[in-house]
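Everything below concerns the one structure shown next.
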Amino acid sequence: MPASVRVLRFLATLLVLAMTAGCAIQPARNDDPWQSYNRKVFNFNQKFDNAIAKPVARSYVEVTSPQVRLMVGNFFANLQMPISIVNDLLQVRPDGAARNTGRFLVNSTIGLAGLFDPANKMGLRADPTDLGVTLARWGVPQGPYFVIPFLGPSTLRDFPAYLVDTYFLNPLSYWTRDHHYRYSAEYLPYALYLVQLRASLLSTDQFLSSAYDPYVLLRDAYIQRRNYLIYHGNPPARLLEDDASGTGSADSSAGSGGNIEALMARQRAYDKQHAGQPAAAAAASTSPPTAPAAVAPAASGSSAPAAAGSVESVPAAPVTPAAASSAAMPDAA
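Residue numbering for the sequence shown follows our numbering, starting at 150 and increasing by one per position.
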């Protein structure tokens, strides 16, 4: 059976299953019952990032110009646009599918295979989405938040959905399956994508390293980013109120700060304690403990990286000061 037919049958089956799951949108929540495990993996990811991912990304920045990194980021963002197009259709959003399709066609042709972004100047702005968002909009519960080795933040709903998106809809996946070069050279485009993604997140390192609890900061930023995608940029006010009050959080360990006010108080005390230490701050800016490994939810914000924008690019979703680095995940490798 041709691969295209198998993909269509799979997507049709998925749509039927999603429709039977219900139609109430299930937003992302920061329920964290596996926090003990998650923190261990988070610390491991930080060590991997400091030892390998970040040095490689810094070397990449040193040997490339901002324009080159922007073009590379544009190329990979355009390459993964089919993920958003198909999921727009599964969400019954013909306007989103039409806009993303137009963007993909314009950038693939006039934009020279996506190296440039003329679609943005034409008003066809990126509207990323993924299967995790599709499942949420069809009523599939999120499940616990958890951190994946090397990949970073995800949930029980987002990670399997990311694997499906990657296997069936990401052209890079087809490239690595259909080509077999010496020394596994077929994986070089994917390696470049990951390096580009990590380089785009270097600007968030100092902010994350200055947080009282980087784990909580990154987790809540990831949840904010997922809700932004689930509600297509307009999350309901009740979600913002829940974030402010700490409800919906299952933090239990000391220092995790289920209540946002308590966490902010700890952050203020942390800032006061470390004020007047320029030498320490300078050292932190050169080698801080940073976000998890260079892979994360989400061209689309899921556990795998989303579009790998350049260091100078702006995150697709607005990020509040209390939740910077949400673009790091993922959505997502």
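Just so it is clear, CB atoms sit at the ideal spot from N, CA and C, and this is done for glycine as well.
- At a Cβ-Cβ threshold of 8 angstroms, Leu389 and Pro176 do not count as neighbours.
- Asn319 places its beta carbon 8 angstroms or farther from that of Leu280.
- Of the residues assessed, Lys270 falls on the exposed side of the cut-off, its CB having fewer than 16 other CB atoms within 10 angstroms.
- Look at Val344 here: in three-state DSSP terms it is helix.
- Counting along the chain, Phe295 sits inside the beta strand (DSSP E) bounded by residues 294 to 297.
- A contact is defined here as three or more CB-CB pairs under 8 angstroms, and the segment 200 to 214 meets this definition with respect to the segment 343 to 355.
- The C-beta distance from Tyr364 to Asp180 rounds to 15 angstroms, too long to fall under 8 angstroms, and the pair is not in contact.
- The alpha-carbon separation between Gln184 and Ser303 amounts to approximately 13 angstroms.
- The distance from the Cβ of Asn223 to that of Phe253 is about 12 angstroms, inconsistent with a contact at the 8 angstroms cut-off.
- Secondary structure at Ser359: coil, using DSSP grouped into helix, strand and coil.
- Cβ neighbours of Asn249 within its own chain (closer than 7 angstroms, five residues either side excluded): Met230, Ser233, Ile234, Asp237, Asp276.
- No residue range can be given for Pro384, since it is assigned to no alpha helix (DSSP H) and is classified by DSSP as neither H nor E.
- DSSP places Thr304 within a strand segment (E or B) once states are collapsed to three.
- In the three-state DSSP reduction, Ser349 falls in the helix class (H, G or I).
- Collapsing the DSSP output to three states places Ile372 in a helix.
- In this model, Tyr311 and Leu300 are separated by some 11 angstroms (Cα to Cα).
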